[in-house]
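Student:
Number of protein chains: 2
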Amino acid sequence: MRDFLPAEKARRERVLAVIRDRYRAHGFDEIETPVMEDYDRLHAGIGGDNEKLAFTVLKRGLDAEAIVAAAADPAGVDTRALSDLGLRYDLTVPLARFYATHRAELGAVFRSIQMAPVWRAERPQKGRYRQFVQCDIDIIGDATGRAEAELLTASLDTLDALGLEGGSIRINDRRALDWMLDSFGFTAEERPGVLITIDKLDKIGPAGVVTTLRQAQGPDGQAQGPGGGGPGAAAVDAFEKFLLRPQTREYRPYGEGQIRKALPEGAPDAIVAHLVAIGEAVGAARAAAGSESGVSGIPLVFDPFLVRGMGYYTGTIFELAHPSVDYSLGGGGRYDGMIGRFLGQDVPAVGFSIGFERIVDLLESTEDATASAIVLVHDRDLPVAELVAVKAALVAGGARVRLEQRPKNLKALLERAAADGYTSFASVGAGQTAGDLQIKPLD
Amino acid sequence: MRDFLPAEKARRERVLAVIRDRYRAHGFDEIETPVMEDYDRLHAGIGGDNEKLAFTVLKRGLDAEAIVAAAADPAGVDTRALSDLGLRYDLTVPLARFYATHRAELGAVFRSIQMAPVWRAERPQKGRYRQFVQCDIDIIGDATGRAEAELLTASLDTLDALGLEGGSIRINDRRALDWMLDSFGFTAEERPGVLITIDKLDKIGPAGVVTTLRQAQGPDGQAQGPGGGGPGAAAVDAFEKFLLRPQTREYRPYGEGQIRKALPEGAPDAIVAHLVAIGEAVGAARAAAGSESGVSGIPLVFDPFLVRGMGYYTGTIFELAHPSVDYSLGGGGRYDGMIGRFLGQDVPAVGFSIGFERIVDLLESTEDATASAIVLVHDRDLPVAELVAVKAALVAGGARVRLEQRPKNLKALLERAAADGYTSFASVGAGQTAGDLQIKPLD
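Going down the list, the sequences are from chains A and B.
Residue numbering for the first sequence follows this note's numbering, starting at 1 and increasing by one per position.
Residue numbering for the second sequence follows this note's numbering, starting at 444 and increasing by one per position.
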């Protein structure tokens with residue numbers, strides 16, 4: 001967990017303000033949920049591995065008897081008996097709970113923004129924090145590709161506004177993955193394990209994927225069924241042949257021809273048409289907004305091997321890439337089954353999460369240079385009323401003003417102020433008003 | 444704990460943005476600390492009653508033995524053995540810890556803004572929340588009245604910017620209170636109890652204060668010393684005479700004459716001069732900023748009976764009032780001893796906290812009316828690419844745009860959009876571009 005000092009905090013708030021402004025412009029509405037959620041809701045099995053990392057809040061007023069009872073089971077401590085609340089580990093479980101609670105107060109299609117911290121008890125390591133901010137947008141109640149088009153258009157616009165032009169989005173569909181694995185001969189039971197392995201493609205390469213799938217087989221080369229080992233040898237052979245075929249993975253330009261080329265022959269028309277329509281819509285929106293890339297150069301890439309880890313995805317999935325870094329800057333997908341877990345009635349939903357912490361690290365400090373920010377240096381014995389009057393007049397004129405009593409080392413002081421975003425300085429003496437000051441640039 | 448729906452969340456964010464903008468203009472810098480602090484720091488005795496309301500986070504990986512041991516003491520459960528972290532219950536303890544950690548990276552005078560949630564395990568009741576936002580500004584490292592003048596000027600300017608003109612600040616000094624109680628004959632041991640009673644003046648009235656002090660005496664009318672009863676009868680008599688003297692409590696205009704009139708005769712010059720200088724500085728700043736109230740009508744009121752509950756105040760104390768409500772909208776004071784608890788070296792500090800939740804409730808919804816916010820109504824079968832292209836063109840032109848598929852009840856839909864801050868609507872049909880739309884006002 002980190003403290004944020006002034007310069008870093010200001011940078012984070014500027015990035016959040018840009019994201020909020022752009023997503024709001026695209027018709028999304030910000031909501032906020034409490035930091036603590038019910039223990040049972042956090043541990044309902046939706047959050048995958050993240051559930052295990054949830055911080056748990058001690059129930060108040062527990063007596064000794066209750067505490068001893070919680071520790072009585074030799075199978076393990078009954079944390080639930082000690083706690084009824086926990087800190088959220090993501091924003092998706094709270095959103096599903098929020099929607100189930102407030103559905104009657106929301107429109108038929110609800111477009112939400114959430115920008116808020118989440119907590120995971122990770123082991124401390126570089127770039128991993130126990131408290132970090134997530135920025136999620138979600139569209140609940142729209143089963144059509146219009147929702148994906150709105151999500152992706154808004155996210156690309158936001159990246160542009162942050163000065164991260166040139167970003168692209170890899171896209172796939174879980175139904176395409178399922179169909180593809182079916183076509184190679186994998187069974188439905190083998191599918192989750194195979195997807196976990198394919199998800200490592202970027203890390204271990206195609207050969208690594210095939211080896212891992214082979215190693216998971218039983219010694220006789222036969223499939224061992226769920227929990228018993230890996231997938232069948234024939235299916236792995238078919239998959240290997242497809243994976244290692246001599247073809248680039250850069251299926252550009254995005255469109256039906258390239259999507260069909262990227263998949264085994266005979267891909268279902270409905271899935272392909274869905275992916276094509278999303279691309280056309282994003283392209284049309286980019287062109288209408290005057291983006292230079294236009295329809296022909298839309299920043300979408302179809303990736304038939306994109307998996308995305310979470311178990312709850314049911315359709316389109318996407319991942320945000322930028323040429324400056326080799327890790328993803330965000331991602332998301334369609335999760336039509338999850339809201340139903342809380343509401344008791346299925347509602348379609350699709351979400352996109354920007355990797356806020358990664359993007360903040362990537363962006364250079366971009367202090368708002370348009371505003372005038374003045375360091376007002378004064379002597380110790382200048383009457384307070386005179387001093388604050390000069391300051392107040394400058395503030396009323398639109399400036400940001402920091403008072404500094406003249407130190408021995410003025411240079412160090414001004415350097416610190418520049419790091420905090422101040423752009424100029426002036427000395428104020430007895431009898432001077434704001435109009436008398438000589439304001440000089442800091443540089 | 445509450446969910447915030449779009450309209451309420453937008454209102455909260457607008458208020459926060461105004462506060463941030465004004466305090467930054469006055470030279471304060473925003474910082475952020477983690478939501479969880481070390482258990483021992485939260486329970487160091489600084490937070491008064493709020494400490495007892497802190498939420499405690501369960502230590503991870505506790506085994507049954509450790510849990511049973513925590514419950515073994517008949518005197519009570521050892522919460523500390525179950526926990527090493529807790530949720531902050533205020534922003535002052537984290538600020539003191541932050542300053543002690545980062546002092547070398549901060550200027551000689553550090554002006555901080557903190558706007559963040561805190562948690563208290565209050566019993567749920569109207570207007571009391573278990574998670575609520577505090578907005579604190581603090582100046583650390585300036586022992587002079589310049590700090591008070593900056594705090595109060597910035598806070599009054601912020602209130603003005605929020606549309607809460609007409610606010611006023613009641614001011615007193617703990618040293619004036621101490622001197623006054625001394626002069627009536629209360630002992631230093633009796634003082635804390637007497638201050639707690641005086642703090643109830645607004646609730647129970649002068650007669651109630653005197654009765655309470657009398658009831659705390661022993662049956663012989665003699666002082667019973669610390670812990671044994673109330674203050675001495677002679678001191679209570681002297682205080683009663685002063686408290687009930689026939690004089691208004693509205694000591695205006697603010698200045699030396701009125702401050703001396705409000706106190707018993709012979710008040711120490713240094714304390715009076717300190718209070719007078721703060722008033723002159725705030726008045727000069729208000730006049731220089733062009734406030735209509737000017738120097739003669741500065742919104743300060745000296746209140747010799749203002750106490751402010753927290754035990755850590757050492758000098759000036761203040762409370763923010765507004766004519767529209769009979770409760771305080773914020774307050775603060777000087778706490779020169781507290782930073783030393785963490786740093787091992789005394790550093791002067793003074794802070795002011797705006798009652799964010801109260802102010803949000805007070806302000807009417809003030810959606811930013813300058814931006815164009817358009818509901819774009821479309822038929823179900825309009826091609827997605829056409830639709831999102833029209834939306835993108837409007838967004839690129841500076842509007843905020845929400846798509847809505849034409850419902851049976853268009854009126855209800857438009858009313859909901861108006862509540863969310865949308866100002867106009869248009870229908871879009873096949874073949875239309877953004878330029879073809881007839882945009883009509885929502886009202």
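Note that the Cβ used here is the ideal one computed from N, Cα and C, for glycine as well.
Output the distance between the C-alpha atoms of V536 of chain B and D603 of chain B, rounded to the nearest integer angstrom.
Tutor: C-alpha separation (whole angstroms): 29 Å.
Student: Any beta carbon from chain A within less than 8 Å of T535 of chain B's own beta carbon?
Tutor: Not one chain A Cβ lies under 8 Å of T535 of chain B.
Student: At 7 Å on the CB atoms, spell out the chain A contacts of T476 of chain B, in chain order.
Tutor: Ordered by position in chain A, the residues that pass the 7 Å Cβ test against T476 of chain B are D3.
Student: If contact is defined by three or more beta carbon pairs under 8 Å, each pair taking one atom from either stretch, is the region 136 to 155 of chain A in contact with the region 271 to 283 of chain A?
Tutor: Yes, they touch.
Student: Inspect the beta-carbon positions of H765 of chain B and G609 of chain B and report whether they are closer than 8 Å.
Tutor: Yes, these two residues count as a Cβ contact at 8 Å.
Student: Can you find at least 3 beta carbon pairs, one from the region 540 to 558 of chain B and one from the region 781 to 796 of chain B, that sit closer than 8 Å?
Tutor: Segments in contact, yes.
Student: Would you grab the beta carbon distance between R80 of chain A and V35 of chain A for me? Rounded to a whole angstrom, and I think it's under 8 Å.
Tutor: About 19 Å; that fails the 8 Å criterion.
Student: Can you tell me the Cα-Cα spacing of Y482 of chain B and V576 of chain B, whole angstroms?
Tutor: For Y482 of chain B and V576 of chain B, the distance between alpha carbons rounds to 21 Å.
Student: Within the region 494 to 573 of chain B, note down every full beta strand (DSSP E) run reaching 3 residues or more, in order along the chain.
Tutor: Fully enclosed beta strand (DSSP E) runs of 3 or longer: 499 to 501, 526 to 530, 553 to 562.
Student: What do you get for S324 of chain A, buried or exposed, if any count of 16 or more other CB atoms within 10 angstroms of its CB means buried?
Tutor: Result: exposed.
Student: Output yes if chain B places a C-beta closer than 8 Å to the C-beta of I67 of chain A; else output no.
Tutor: At least one chain B Cβ lies under 8 Å of I67 of chain A.
Student: Scan the region 138 to 156 of chain A for residues whose Cβ lies nearer than 8 Å to a Cβ of chain B and list them as they occur along the chain.
Tutor: Those residues of the region 138 to 156 of chain A that come within reach of chain B (Cβ to Cβ, closer than 8 Å) are T144, G145, R146, A149, E150, T153.
Student: Could you tell me whether the Cβ of R24 of chain A comes closer than 8 Å to any Cβ of chain B?
Tutor: By this cut-off, R24 of chain A is an interface position.
Student: According to DSSP, H26 of chain A sits in a beta bridge with which residue or residues?
Tutor: None; H26 of chain A has no bridge partner.
Student: According to DSSP, simplified to helix, strand and coil, what is A792 of chain B?
Tutor: Three-state result, A792 of chain B: strand.
Student: Assuming R859 of chain B and G758 of chain B are in contact, meaning their beta carbons sit under 8 Å apart, how far apart are those beta carbons, in whole angstroms?
Tutor: At roughly 52 Å, the Cβ-Cβ gap does not stay under 8 Å, so R859 of chain B and G758 of chain B are not in contact.
Student: Please report the distance separating the alpha-carbon of P226 of chain A from that of E189 of chain A.
Tutor: For P226 of chain A, the predicted structure reports a pLDDT of 47, less than 50, and the residue's modelled location is therefore unreliable. A value from the coordinates is still provided. If you take the alpha carbons of P226 of chain A and E189 of chain A, they lie about 6 Å apart.
Student: Kindly indicate which residue of A:L151, A:L387, A:K391 has the alpha-carbon position closest to the one of A430 of chain A.
Tutor: Measuring from the Cα of A430 of chain A, the nearest candidate turns out to be A:L387.
Student: List, in order along the chain, the chain A residues whose C-beta lies closer than 9 Å to that of H765 of chain B?
Tutor: Residues of chain A passing the Cβ test: none, with the nearest at roughly 21 Å.
Student: Compare the beta carbon distance of V390 of chain A and A434 of chain A with 8 Å and say whether it is the shorter of the two.
Tutor: In this structure, A434 of chain A lies closer than 8 Å to V390 of chain A by Cβ.
Student: Helix, strand or coil: how does DSSP classify F868 of chain B here?
Tutor: DSSP places F868 of chain B in strand when its eight states are reduced to three.
Student: At a CB-CB cut-off below 8 Å, which residues of chain B make contact with V407 of chain A?
Tutor: The question names Val, but residue 407 of chain A in the sequence shown is Pro. The contacting residues are A551.
Student: Given that S526 of chain B touches chain A, what residues does it touch there, using C-beta distances under 7 Å?
Tutor: Those within 7 Å of S526 of chain B in chain A are L58.
Student: What are the boundary residues of the beta strand (DSSP E) that D481 of chain B is part of?
Tutor: Note, D481 of chain B: beta strand (DSSP E), 479 to 481.
Student: How long is the line joining the alpha carbons of R613 of chain B and I760 of chain B, rounded to whole angstroms?
Tutor: Each residue's alpha carbon lies about 8 Å from the other.
Student: Ignoring anything shorter than 4 residues or poking outside the region 242 to 298 of chain A, list the alpha helix (DSSP H) runs there in chain order.
Tutor: Runs found: 256 to 262, 269 to 288.
Student: For A727 of chain B, go through chain A and note every residue whose CB falls closer than 8 Å to its CB, in chain order.
Tutor: By Cβ distance, chain A contributes A385, E386, V388, A389, A392.
Student: Could you check whether the Cβ of R402 of chain A sits closer than 8 Å to any Cβ belonging to chain B?
Tutor: By this cut-off, R402 of chain A is an interface position.
Student: Hey, does A792 of chain B have any beta-carbon neighbour from chain A nearer than 8 Å?
Tutor: Closer than 8 Å: no.
Student: Would you tell me roughly how many angstroms separate the C-alpha atoms of L605 of chain B and R573 of chain B, rounded to the nearest one?
Tutor: Cα to Cα, the separation comes out at about 25 Å.
Student: Using a threshold of 8 Å, state whether the C-beta atoms of F342 of chain A and R111 of chain A are closer than that.
Tutor: Against a cut-off of 8 Å, the Cβ pair of R111 of chain A and F342 of chain A comes out as no contact.
Student: Check whether the region 352 to 365 of chain A touches the region 327 to 343 of chain A, counting contact only when three or more Cβ pairs, one atom from each stretch, lie closer than 8 Å.
Tutor: Yes: at least three Cβ pairs fall under 8 Å.
Student: Of the residues that make up the region 603 to 616 of chain B, which ones have a beta carbon closer than 8 Å to any beta carbon in chain A?
Tutor: Hits within the stretch: zero.
Student: Note down the Cα distance separating R90 of chain A from Q114 of chain A, rounded to an integer number of angstroms.
Tutor: Here the sequence assigns Asp to residue 90 of chain A, which means Arg is not the residue at that position. Those two C-alpha atoms are separated by around 11 Å.
Student: Do you know whose CA, among A:D182, A:L244, A:V18, A:L42, lies nearest V209 of chain A's CA?
Tutor: Answer by Cα proximity: A:L244.
Student: Touching or not, the region 509 to 518 of chain B and the region 459 to 466 of chain B, by the rule of three or more beta carbon pairs under 8 Å?
Tutor: The answer is no - the region 459 to 466 of chain B does not touch the region 509 to 518 of chain B, with fewer than three Cβ pairs under 8 Å.
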